[in-house]
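Here is the structure we will look at.
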Amino acid sequence: MSTGTVFDIQRFCVDDGPGIRTTVFLKGCPLHCVWCHNAEGLSGKVQLYYSAEHCIGCQICQAVCPVQAHRFTDSGHTVDFSRCITCGACVDACPNESLRLAGKLMTAEEVLSEVVKDQPFFESSGGGMTLSGGEPLMQGEFAISLAKLAKERGLHVCIETSGFCNHETMKSIAQYVDLFLFDYKHSSPEAHKRYTGVENKIILENLEFLETLEKPVILRCPIIPDCNDTKEHYGAIAALANRMKNIIEIHIEPYHPFGVSKYTALGLTAMYNSQEMMPKDASEQAAETVRALSGKNVIIS
Amino acid sequence: MNYHHGFYLKRLKDTFGAEFHGMSDPVREAHLFRKTLELYPLHIEKNDLIAGWYGYTSREALESVYVPEPEPVLKSTREKRPVDWLRAHGYSPGGYDRAHHEVDYKTILTRGIDSYIQEVENELQNSENSEEKTEYLKGMLISLKGAERFSTRYAELAEELARNTDDGADKARLLRIAAACRKVPMKPPTDFLEAVQAAYLIRTLNCLSSYTCCSVSFGSFDQYMYPYYRVSKENGMTEDEAIAILLQLFRMLDNTSGNDCALSVGGVDENDNDATNELSYILIKAEKKSKLRAPLFTARINRNTPKEFMRELVSKELFEMGQPSFYSEENCRAAVAGRGIEPSVARNFQISTCMNLVIANAEAAHGWGCKVNCHLPLELALNGGKPLVGELPLEFKTKPRTEYKSIDEIYTQYRSYMIELFDIAMDWNQADTVLQAKHQPNAWLSALTDDCIKRGKDRWDGGARYHNLIIEMMGFANTSDAITAIDRLVFEQGKYTIDDFIKAAQANYEGYEQLHKDILHCDKYGMNIDRADRNARRLLDINAEICEAKSAENRRYLPSLHTLWEDVLWAKGRPAFLDGRLSGEPVNKNAGPSTSARRAGPTCTAISACKINQIRYSGGQALDVHIGIRNMDSIANRDKIAAYIQTYFKMGGLQLQVNGLSVETLQKAYDAPQEYSDLLVRIGGHSRYFRDFDDNMKKKFIERFKIEEGAFG
Ligand code: SF4
Ligand code: SF4
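If you read the protein sequences in the order shown, they are chains A and B.
With the numbering used here applied, the first sequence covers 1 to 301.
With the numbering used here applied, the second sequence covers 1001 to 1713.
Below you can see the structure in the form of structure tokens.
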């Protein structure tokens, strides 16, 4: 039985493919994009998540923790995440839901049984299941089992992927996926490596492979001020979309800072921690440029 | 500004009571109504297209009608009863309901009030009439004739204003009003302006006759107005002209009643084909333009409602105003038929106020009927016949017990207490209704209700064919969640005793933090978990059966999951419940889950709500969901919301209130995060619960939303 680590199952998602969708977030990502706003997706492991604003300072967590990860000093409650063995004792004890474990081990069947609860809405809206992350294909075998099971149940399946996975995994999952939401983060290989930690060669190969299968792709382009908000990049997005017939739509995803607090909650430091959202006219400008150059449907999401 | 109608009523009686002293109740009350219609200060505003009442515009205006020498006529004969003890524990047994009425506009417009006068006069000729009946018929006649005086006064005012203006266009406008008011509502209207004029005058008369504008509704306006609209359109009326008339109507409604006057669009024809028409779309346009609270815009959705129509209704502008409320044509009809009403009659149901389904031509509908505290019988069952907090010195026939082995036993005891509590409340309600209907009959409304003329009786006193009283099940989800928690933690896990639950709730869970947390982590209704949903259904079915069994003669007690805003207000005065709800915290809203279960999101909530046999709760209920889609301009997104609504109805839902993102919603979610724990917002292609943002981010998000989406209100 295939098992994986899931950090969320969100229902009534409207931006992750056609219709009303239930999105399953798988933990772990081989990339480390500096702007990532889903910090829970980075590590493949279960992690302690601490929301300081809910903490009432009762110190119960300190009392139950076997490894003294919680400390209370004059400056308040601090968590030493490096000590935490994610036993969950403090999570169970916390009276104010200030603590939780990000990530849960689940079987593919368990996940599916949650997803199919929304089937009536999938049917009426043309929706289905979307796999997301992290990078869902980092848990390749699990993702494939999920997609396969979903297909057996007659669900429409989407996957949100960076495309950074081995060719075999892409080949296997493609059989069960109706629509790819494929990231396109940077057009320059060096800059791609600088901002995401990996080169884009494998990613582009996988994208081309999907073209040979004629699998529909929505290109998702995060636009990050001072990283890739350039004319050259917009031109490259349009060129790619022009070249590949299977790219049916382009989504412009302007930077937003609403994920920054998650880093702190997980004991991490955001690499790109601008507190400002990308201005609306700048994202509209980006969309307009890509639209004009590609002639494809471009949406700001 | 509106002045309270109770004040008005008292002044009226104080002033003229002596003049009509010694007359029979219906004749005296009819004279008081007639006096109102003769004396009430009228005005027509600049640019008005129809004449209308903007409410009690000032205290001075109101006082100018009276001689200030109070001399009460009717003294309250109410006495203290066990019902007062129930009140202290969250029962609101209601009583005579002046508000919540709707008449059959279609028929009344077609017939004209003159034909009702004729009918009453004919009935007065009947030599077999009892004296009581004759007196009632006389009251009807005085009331109906008073209507003519009222509309004629408007005509005279318009004529006078026309004489005093040199502006030709203005003169024509005023003379048009005068001509309409000389004709309607006594004679049938022939075009759109006259028909709207007639409907508004009738509604005003309805309000004045009952001394309240509260929840006095319009029903399927686009359907019964369409023939008149077509005539005017054929005669050259433009869309803008139609919208201008409607905007004035909405403005007057807003002044007189806020948002409790329901006005519906959509529906089906006699062959069940979709009956959406041009006027339905125009009404939506007017509503979007008006940006007012009134009317309460309701949409009747059927299986074949056009996609286009759904797209117009699922709109950012309407959602930001909390409009519309969606109703399922098929399920509402089934619910009304479920009351034992013939299907051919049930299909004519109208939507009245915020969730009532009425047969407008033949019903006395007690819309804000009786609030029942669903949690109290559970307290009595588990705590040996006593409430958890305070006293309830009633002598119950139910034998107290404290030991239970299963929830089945708890349900049995629960049922037994509920029957007793319900009997006390309903017997009082009935006594009060009959008493008030006898002493303060409303002959105007009764004349417009089928059968009342023939019977010569008040609609509340056996005149109307149907007498329906809505029973609001307050806190049903909290109560069933408590049972689910007891089942798990007491009977299944043996971790706690029932006594632990009682002590913890009595202490408002202070010192019982672990138990509190364990209870909160149990399955809850609204999360699409069968075990919890089954308990909700079981509890409700017990209560529904009790209501149904109590129904007698033409009286029906209609179970409902309607709470309106009382989920907050009513709950403020309630102590802690056994489901972990703390003292003063809200209870579940309408058919929705308790606050702690809301985070399961709109799909789970909808599926759970449809596990309840909703058509049995024909007193009405809405399910309220939050859908945090920022981009409502996207047709694809609007179609997704439309699909959500249609799916809910396909699964058996009656009514759905979809709340979109607005600055107001976000601010509320900021202030009361618990109540908005299901608010998922979409940013950058990802969704996050608003509750999960830190304070700074929440503020930022609201700020940003204000700038980008434009703040409403
Ligand atoms: S999860 Fe366990 S180890 Fe980690 S902080 Fe909490 S109690 Fe300590
Ligand atoms: S148990 Fe929870 S609320 Fe108490 S100090 Fe720890 S984190 Fe804060």
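Every residue gets a Cβ at the ideal spot worked out from N, C-alpha and C, and that includes glycine.
Quick caveat: nothing in here was measured; it's all calculated off a predicted structure.
Proximity below 8 angstroms, CB of residue i to CB of residue j
i	j	result
residue 1458 of chain B	residue 1136 of chain B	yes
residue 1378 of chain B	residue 1414 of chain B	yes
residue 1660 of chain B	residue 1627 of chain B	yes
residue 178 of chain A	residue 162 of chain A	no
residue 167 of chain A	residue 200 of chain A	no
residue 1533 of chain B	residue 1650 of chain B	no
residue 1263 of chain B	residue 1037 of chain B	no
residue 121 of chain A	residue 1605 of chain B	no
residue 1663 of chain B	residue 1625 of chain B	no
residue 1112 of chain B	residue 1185 of chain B	yes
residue 1329 of chain B	residue 1301 of chain B	yes
residue 270 of chain A	residue 50 of chain A	no
residue 1419 of chain B	residue 1528 of chain B	no
residue 975 of chain B	residue 1353 of chain B	Chain B is shown from 1001 up to 1713; residue 975 of chain B falls before or after that span and cannot be answered.
residue 1109 of chain B	residue 1147 of chain B	no
residue 1240 of chain B	residue 1362 of chain B	no
Endpoints, beta strand (DSSP E) assigned at residue i
i	result
residue 106 of chain A	104 to 107
residue 1328 of chain B	1325 to 1328
residue 1672 of chain B	Counting along the chain, residue 1672 of chain B falls outside any beta strand (DSSP E), and DSSP gives it neither H nor E.
residue 1107 of chain B	No beta strand (DSSP E) holds residue 1107 of chain B; the alpha helix (DSSP H) holding it covers 1105 to 1111.
residue 1357 of chain B	1356 to 1358
residue 146 of chain A	No beta strand (DSSP E) holds residue 146 of chain A; the alpha helix (DSSP H) holding it covers 140 to 152.
residue 1263 of chain B	1262 to 1265
residue 130 of chain A	128 to 132
Residues sharing a beta bridge with residue i, DSSP
i	result
residue 1364 of chain B	B:1467
residue 1371 of chain B	B:1092, B:1472
residue 67 of chain A	DSSP lists no partner for residue 67 of chain A.
residue 1659 of chain B	B:1626
residue 1152 of chain B	DSSP lists no partner for residue 1152 of chain B.
residue 72 of chain A	A:77
residue 1301 of chain B	B:1328
residue 1126 of chain B	Note: residue 1126 of chain B sits in no beta bridge, so no partner.
residue 253 of chain A	A:222
residue 182 of chain A	A:161, A:219
residue 13 of chain A	A:21
residue 6 of chain A	A:26, A:104
Residue range of the unbroken alpha helix (DSSP H) whose run includes residue i
i	result
residue 167 of chain A	167 to 174
residue 1234 of chain B	1221 to 1234
residue 1644 of chain B	1635 to 1650
residue 1740 of chain B	Since the displayed chain B opens at 1001 and closes at 1713, residue 1740 of chain B lies outside it and no answer follows.
residue 82 of chain A	Segment: none, residue 82 of chain A is in no alpha helix (DSSP H) and carries neither H nor E.
residue 1422 of chain B	1407 to 1439
residue 1534 of chain B	1530 to 1550
residue 1174 of chain B	1168 to 1183
residue 1206 of chain B	1192 to 1210
residue 1310 of chain B	1307 to 1313
residue 238 of chain A	231 to 243
residue 1632 of chain B	No alpha helix (DSSP H) holds residue 1632 of chain B; DSSP gives it neither H nor E.
residue 1504 of chain B	1498 to 1506
residue 326 of chain A	There is simply no residue 326 of chain A to check, as chain A begins at 1 and stops at 301 in what is shown.
Quick test of the definition: if touching needs 3 or more C-beta pairs under 8 angstroms, does the region 1463 to 1474 of chain B touch the region 1556 to 1572 of chain B? yes
Measuring CB atoms only, is the region 1154 to 1171 of chain B touching the region 1211 to 1218 of chain B, in the sense that at least three cross pairs come out at less than 8 angstroms? no
Using 8 angstroms as the cut-off, can you tell me whether the region 1176 to 1190 of chain B makes contact with the region 1091 to 1106 of chain B, which would need three or more C-beta pairs spanning the two stretches below that distance? no
With contact counted as at least three CB pairs below 8 angstroms, one residue from each stretch, are the region 1563 to 1579 of chain B and the region 1587 to 1605 of chain B in contact? yes
Looking at C-beta atoms only, is the number of pairs between the region 80 to 96 of chain A and the region 52 to 67 of chain A that lie closer than 8 angstroms three or more? yes
Quick one: any contact between the region 1501 to 1511 of chain B and the region 1379 to 1395 of chain B, if contact means 3 or more CB pairs under 8 angstroms? yes
Quick check: the region 1040 to 1053 of chain B against the region 1245 to 1259 of chain B, are there 3 or more CB pairs under 8 angstroms? yes
Whether or not the region 186 to 203 of chain A and the region 30 to 44 of chain A are in contact is what I'm after, with contact meaning three or more pairs of Cβ atoms, one per stretch, closer than 8 angstroms; do they touch? yes
Three Cβ pairs or more, each shorter than 8 angstroms: is that satisfied between the region 278 to 288 of chain A and the region 1023 to 1043 of chain B? no
Would you check if there are 3 or more beta carbon pairs closer than 8 angstroms linking the region 1389 to 1407 of chain B to the region 1292 to 1309 of chain B? no
For the region 1398 to 1405 of chain B and the region 1422 to 1434 of chain B, state whether three or more C-beta atom pairs, one from each stretch, are separated by less than 8 angstroms. no
Spell out a yes or no on whether the region 1310 to 1323 of chain B and the region 1594 to 1602 of chain B are touching, meaning 3 or more CB-CB pairs, one atom from each, closer than 8 angstroms. no
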